[in-house]
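**Student:** For what it's worth, full-length UniProt numbering labels the leading residue of the sequence shown as 1, then goes sequentially. For each residue, glycine too, the CB sits at the ideal point set by N, CA and C. Here it is, the structure, as structure tokens.
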Amino acid sequence: MINAKARAVSGPDSNFYATEIERRDLDTHDVLIEIKYAGICHSDIHTAHGEWGPVHYPLVPGHEIAGIVKAVGTEVSKYQVDDRVGVGCMVDSCGECEHCRNGEEQYCLKGNVGTYAGTDRYGEPTQGGYSTHIVVHEDFVLRIPDNIGLDVAAPLLCAGITTYSPLNHWNANSDKKVAVIGMGGLGHMAVQIAHAMGAEVTVLSQTLNKKEDGLKLGATHYYATNDTATFEKLASSFDLIINTVSANLNLDEYLRLLALDGTIVNVGAPAEPISLRVANLIGHRRSFAGSAIGGIRETQEMLDFCAQHQIEPQIELITADDIDNAYERVLASDVKYRFVIDTSTM
Ligand code: NAP
Ligand code: ZN
């Protein structure tokens with residue numbers, strides 16, 4: 001067993017505390033990674049607080065992991081010691097179902113194994129990246145391109161792929177008008193990626209406070225959703241809307257912003273059910289869809305795309321003692337635009 005330092009919560013109302021966790025000895029295809037940086041995703045908060053259902057505590061969240069390979073199992077062929085690597089939201093899947101074979105492990109018919117709050121193939125609860133080390137099967141390890149720093153690479157492993165995948169699937173390109181709801185961790189990546197794909201990008205944020213940043217990252221337009229005039233002005237104008245908001249919105253207001261055949265894709269994952277007026281779909285043949293992260297092959301494609309287009313998240317580096325404070329700030333939409341833990345402070 002390998003002992004790793006980590007930060008954990010003991011229940012839904014717990015603060016983070018310093019602890020040690022055991023990582024398994026390397027199996028033949030395992031890679032031991034020394035984690036350098038771990039991003040804080042809003043999903044960590046939903047999960048740590050038990051909002052999505054019961055979880056196994058103590059829980060070490062973190063699925064935006066970047067680090068260096070320290071050791072490899074006897075049959076590992078993809079990675080070597082000293083490689084710069086990442087791990088995202090999954091660490092395993094059945095590998096045999098139709099979706100796994102198509103490289104869409106996130107939709108594994110038997111359910112993929114989450115990087116934390118899952119159960120691994122040995123029957124043990126998985127623990128995530130707020131930690132100094134992790135052991136992962138080589139098939140779920142990503143290669144970080146040389147020109148992306150490890151600190152800014154970390155958020156790409158969830159925020160990057162979760163926005164890249166639907167933009168790719170729904171063909172964001174120069175013929176498309178794309179809106180992004182929420183300028184947080186996912187939203188500020190969606191703006192950059194959609195812009196690099198050639199789409200005309202509009203940000204729909206609660207206020208205009210982050211307008212300058214949104215325009216710098218590639219948006220052409222930026223509107224405040226606390227102004228009702230926004231919804232009148234933008235009626236029937238977007239081909240694709242990526243909704244990154246972590247809370248429930250009045251969906252009908254946003255559906256009416258879609259053009260004929262437009263689609264709104266929820267990547268934001270609020271805990272409570274949402275309702276909508278079907279008439280808002282029928283009228284303009286609109287669709288309401290969802291999308292989960294992305295497969296391993298697509299995640300590597302996204303990393304290479306970001307390297308090629310010089311796309312990076314804007315991060316605020318924090319120490320391990322700052323995690324509770326960072327959670328409060330994310331919940332208050334006070335994040336520009338991703339908190340990343342420097343794990344050397346564990
Ligand atoms: P985040 O950094 O907190 O960003 C969410 C943004 O939504 C905020 O910055 C804010 O932007 C806006 N917002 C927050 N509360 C709002 C409210 N009550 N009304 C209107 N707008 C509000 O969170 P994130 O890490 O990007 O994650 C966003 C959501 O995606 C979470 O629910 C997370 O669990 C989910 N997620 C899903 C997947 C997936 O696979 N589908 C993957 C990762 C994350 P403005 O200040 O600009 O309004
Ligand atoms: Zn995430």
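Residues bridged to residue 231 by DSSP?
**Tutor:** For this step, residue 231 is matched to residue 231 along the sequence shown. Residue 231 is not bridged to any residue.
**Student:** Opposite residue 51 in the DSSP bridges: which residues?
**Tutor:** In the sequence shown, residue 51 corresponds to position 51, counting from 1. Note: residue 51 sits in no beta bridge, so no partner.
**Student:** Who are the near neighbours of residue 321 in its chain, counting only those whose CB is closer than 8 Å to its CB and skipping five residues on each side?
**Tutor:** Counting from one through the sequence shown, the residue named residue 321 turns up at place 321. Closer than 8 Å at Cβ, skipping near neighbours: 345.
**Student:** Residue range of the beta strand (DSSP E) that residue 221 falls in?
**Tutor:** Within the sequence shown, the letter at position 221 stands for residue 221. Residue 221 -> beta strand (DSSP E) spans 221 to 224.
**Student:** Counting C-beta neighbours from all protein chains within 10 Å, is the total for residue 131 16 or more, i.e. buried, or is it exposed?
**Tutor:** Counting from one through the sequence shown, the residue named residue 131 turns up at place 131. With 16 or more other Cβ atoms within 10 Å, it is buried.
**Student:** If the criterion is Cβ atoms closer than 8 Å, does the pair residue 133 and residue 40 meet it?
**Tutor:** Translated into positions along the sequence shown, residue 133 becomes position 133. Translated into positions along the sequence shown, residue 40 becomes position 40. Their beta carbons are not under 8 Å apart, which means residue 133 does not touch residue 40 by this criterion.
**Student:** Using the Cα positions of residue 162 and residue 269, report the straight-line distance between them to the nearest angstrom.
**Tutor:** For the purposes of this step, residue 162 is taken as residue 162 along the sequence shown, with counting starting at 1. For the purposes of this step, residue 269 is taken as residue 269 along the sequence shown, with counting starting at 1. Those two C-alpha atoms are separated by around 12 Å.
**Student:** Pick helix, strand or coil for residue 302, following the three-state DSSP scheme.
**Tutor:** Counting from 1 along the sequence shown, the entry for residue 302 is found at position 302. In this structure, residue 302 counts as helix in the three-state DSSP scheme.
**Student:** Under 8 Å by Cβ, that's how I've got residue 336 and residue 310 pegged, so tell me the actual separation to the nearest angstrom.
**Tutor:** Translated into positions along the sequence shown, residue 336 becomes position 336. Translated into positions along the sequence shown, residue 310 becomes position 310. Going by Cβ atoms, the distance from residue 336 to residue 310 rounds to 19 Å, so no, they are not a contact pair.
**Student:** With 16 other CB atoms within 10 Å as the buried threshold, where does residue 246 fall?
**Tutor:** Taking the sequence shown and counting its residues from 1, the one referred to as residue 246 is at position 246. By the 10 Å Cβ count, residue 246 comes out buried.
**Student:** Around the C-beta of residue 241, are 16 or more other C-beta atoms found within 10 angstroms, so that it is buried, or is it exposed?
**Tutor:** Taking the first residue of the sequence shown as position 1, residue 241 is located at position 241. Buried is the label assigned to residue 241, since at least 16 other Cβ atoms lie within 10 Å of its Cβ.
**Student:** Whose CB is closer than 5 Å to a heavy atom of ligand 2? List the residues in chain order.
**Tutor:** This selection yields 41, 43, 158.
**Student:** Between residue 216 and the rest of its own chain, which residues show a CB-CB distance below 6 Å, the 5 nearest in sequence each way excluded?
**Tutor:** Working through the sequence shown from its first residue, we reach residue 216 at position 216. Contacts found: none.
**Student:** Distance check for residue 118 and residue 22, CA to CA, integer angstroms please.
**Tutor:** Here the question's residue 22 lines up with position 22 in the sequence shown. Here the question's residue 118 lines up with position 118 in the sequence shown. If I take the Cα positions, the gap works out to 16 Å.
**Student:** Taking 7 Å as the cut-off, is the beta-carbon of residue 58 closer than that to any non-hydrogen atom of ligand 1?
**Tutor:** The sequence position of residue 58 within the sequence shown is 58, counting from 1. With a threshold of 7 Å, the Cβ atom of residue 58 does not count as near ligand 1, since no heavy atom of the ligand is closer than that.
**Student:** Quick one: Cα of residue 113 to Cα of residue 228, how far?
**Tutor:** Sequence index remark: in the sequence shown, residue 113 carries index 113 (1-based). Sequence index remark: in the sequence shown, residue 228 carries index 228 (1-based). Cα to Cα, the separation comes out at about 42 Å.
**Student:** When the distance is taken between beta carbons, is residue 221 closer than 8 Å to residue 244?
**Tutor:** Within the sequence shown, the letter at position 244 stands for residue 244. Within the sequence shown, the letter at position 221 stands for residue 221. No. Outside cutoff.
**Student:** Counting beta carbon pairs with one atom in the stretch 65 to 72 and one in the stretch 257 to 276, are three or more of them shorter than 8 Å?
**Tutor:** Below 8 Å, too few C-beta pairs join the stretch 257 to 276 and the stretch 65 to 72 to call them touching: fewer than three.
**Student:** Using 7 Å as the cut-off, classify the Cβ of residue 183 as near or not near the heavy atoms of ligand 1, replying yes or no.
**Tutor:** Sequence index remark: in the sequence shown, residue 183 carries index 183 (1-based). Yes, since a heavy atom of ligand 1 falls inside the 7 Å radius drawn around the Cβ of residue 183.
**Student:** Measuring from the CB of residue 274, is there a heavy atom of ligand 1 at a distance below 7 Å?
**Tutor:** As a working mapping, residue 274 is identified with position 274 in the sequence shown. Not under cutoff, so the answer is no.
**Student:** How do the stretch 321 to 331 and the stretch 165 to 177 stand: do at least 3 beta-carbon pairs fall below 8 Å, yes or no?
**Tutor:** no
**Student:** If the criterion is Cβ atoms closer than 8 Å, does the pair residue 76 and residue 138 meet it?
**Tutor:** As a first step, residue 76 must be located in the sequence shown, where it is residue number 76. As a first step, residue 138 must be located in the sequence shown, where it is residue number 138. Their beta carbons are under 8 Å apart, which means residue 76 touches residue 138 by this criterion.
**Student:** What does the Cβ neighbour count give for residue 235, buried or exposed, with the cut at 16 atoms within 10 Å?
**Tutor:** In the sequence shown, counting from the first residue as 1, residue 235 sits at position 235. It counts as exposed.
**Student:** For the structure I just gave you, are there three or more beta carbon pairs, one from the stretch 281 to 293 and one from the stretch 19 to 35, closer than 8 Å?
**Tutor:** no
**Student:** Span of the beta strand (DSSP E) holding residue 200?
**Tutor:** The residue given as residue 200 occupies position 200 in the sequence shown. Start and end: 200 to 205.
**Student:** Can at least three beta-carbon pairs, one atom from the stretch 80 to 97 and one from the stretch 51 to 58, be found at a separation below 8 Å?
**Tutor:** no
**Student:** Taking residue 133 as part of the beta strand (DSSP E), name the residues at either end of that continuous run.
**Tutor:** Reading the sequence shown from its first residue, position 133 is the one you call residue 133. Its beta strand (DSSP E) spans residues 133 to 137.
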